[in-house]
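Student: Before I ask anything, let me first share the structure, which is written out below as structure tokens.
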Amino acid sequence: MGNKKSAWSKLWPPAALLIMLLAGWQAASWLELFDEWLIPSPVSIVNEAIQIWPRLMEHTEATVQLTLIGFVGGSAVGFVLAALLHLIPGVRTAVYPLLVLSQNIPVIAIAPILTMLLGYGLLPKALLVIMVCFFPITVAMLDGLMNTDAQLRNYLQMIGISRLQLFWKLELPHAVVHLFSGLKIAASYSVLSAVVAEWLGTNKGLGAFMLISSKGFMPDRVFAAVFIIVALSLTQFGLVTLAERLIIRWRPKKEVR
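The opening residue of the sequence shown carries number 87 in this note's numbering; numbering runs sequentially from there.
Right under this line is the structure:
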């Protein structure tokens with residue numbers, strides 16, 4: 087019972103604020119404070135979404151597919167890369183600055199290059215999402231691997247544990263908490279990067295749907311797609327948080343966020 091009250095106490099303030107914002111937005115539309123053709127009201131957006139629901143779901147399915155491929159691929163790359171940088175001496179010093187440098191290149195600049203090299207299929211778009219997702223996972227996991235208990239590490243080394251055993255039995259379990267922090271960031275980034283990837287010469291996905299709708303001066307459809315994108319991002323973030331709670335059972339619940 088206490089857990090339900092605690093969850094409700096965390097949910098109702100943002101929910102109430104969101105309802106107030108939507109109500110204010112709808113009231114401003116009724117009072118004609120802005121043009122409906124430029125900024126449609128929430129009611130108009132919902133009505134339009136209902137009318138084109140099958141088409142919206144078709145584009146949503148394409149975006150979800152790209153998001154999951156990119157997120158899973160980015161998670162795998164981030165995990166393996168963090169392990170290699172930690173386990174192989176000297177590699178981190180050489181490679182880590184290049185990883186940081188790679189994140190300073192705008193996604194919108196990388197996307198056309200991938201398209202020119204690999205065409206307009208699924209592969210360049212998935213690679214773009216992977217490139218966005220792997221970095222926070224790598225950084226978070228590396229922090230966890232490097233900050234294990236020094237005394238426990240020394241004790242295990244004194245009793246003759248191997249480097250690989252030390253990784254699996256001490257460093258990796260300690261880094262799981264940090265790993266989930268990176269996964270939650272990547273979960274949000276994956277949806278946004280998938281939408282950006284869909285701007286590059288495709289007719290499927292919410293990103294492509296938004297471009298087509300904006301060029302056709304249909305802002306209600308653009309806003310409908312935005313609402314779905316936000317819902318997808320929150321859903322993926324929530325699923326990773328749920329997995330964190332299920333996997334890291336030894337942590338006090340108040341520490342799992």
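Even for Gly, the Cβ is constructed at its ideal location relative to N, Cα and C.
From R141, V218, G176 and N190, pick the residue whose C-alpha is nearest to that of M296; which is it?
Tutor: R141
Student: In chain order, what residues of the same chain lie with their CB nearer than 7 Å to the CB of V277, ignoring the 5 residues before and after it?
Tutor: T153, I315, L318, S319 and Q322
Student: Just the Cα atoms here: how many angstroms apart are K255 and F266?
Tutor: K255 and F266 have their C-alpha atoms spaced approximately 18 Å apart.
Student: Identify whether P370 lies in helix, strand or coil by the three-state DSSP scheme.
Tutor: Beyond the ends of the chain as shown, which are 87 and 343, falls residue 370; an answer cannot be given.
Student: If I follow the unbroken alpha helix (DSSP H) through L119, where does it start and stop?
Tutor: Unbroken run through L119: none, as it is neither H nor E.
Student: Taking only the alpha-carbon atoms, compute the straight-line gap between L252 and A169 and give it to the nearest angstrom.
Tutor: 12 Å
Student: If I measure Cβ to Cβ from S274 and keep anything under 8 Å in the same chain, skipping five residues before and after, which residues do I get?
Tutor: S319, Q322 and F323
Student: Considering only C-alpha positions, which residue in the set R239, S279 and L108 is nearest to V132?
Tutor: L108
Student: Look at the alpha carbon of M304 and the alpha carbon of E122, and state the distance between them as a whole number of angstroms.
Tutor: 11 Å
Student: Go through the stretch 97-158 residue by residue and report every complete run of the alpha helix (DSSP H) that reaches 4 residues or more, in order.
Tutor: 128-137
Student: Please list, in chain order, all residues of the same chain as G293 whose beta carbon is under 6 Å from its beta carbon, the five residues on each side excluded.
Tutor: These residues qualify, in order along the chain: V281, E284 and W285.
Student: Starting from V321, follow the alpha helix (DSSP H) in both directions and report where the run begins and ends.
Tutor: In the sequence on display, residue 321 carries Thr and not Val. Note, T321: alpha helix (DSSP H), P305 to I333.
Student: By the DSSP assignment, the alpha helix (DSSP H) with Y182 in it spans what residues?
Tutor: For Y182, the uninterrupted alpha helix (DSSP H) segment begins and ends at V177 to S188.
Student: For the alpha helix (DSSP H) that contains T201, what are its first and last residues?
Tutor: First-last of the alpha helix (DSSP H) with T201: V193 to L204.
Student: Run through the stretch 219-262 for me and flag every whole alpha helix (DSSP H) of 4 or more residues, listed as ranges in chain order.
Tutor: 236-244 and 249-252
Student: In chain order, what residues of the same chain lie with their CB nearer than 8 Å to the CB of F309, ignoring the 5 residues before and after it?
Tutor: P126 and I131
Student: What residue from V186, Q189, M217 and N190 has the CA that sits closest to L200's CA?
Tutor: The candidate whose alpha carbon is nearest that of L200 is M217.
Student: Ignore the nearest five residues each way along the sequence and tell me which others in A197's own chain have a CB closer than 6 Å to its CB.
Tutor: L214 and L286
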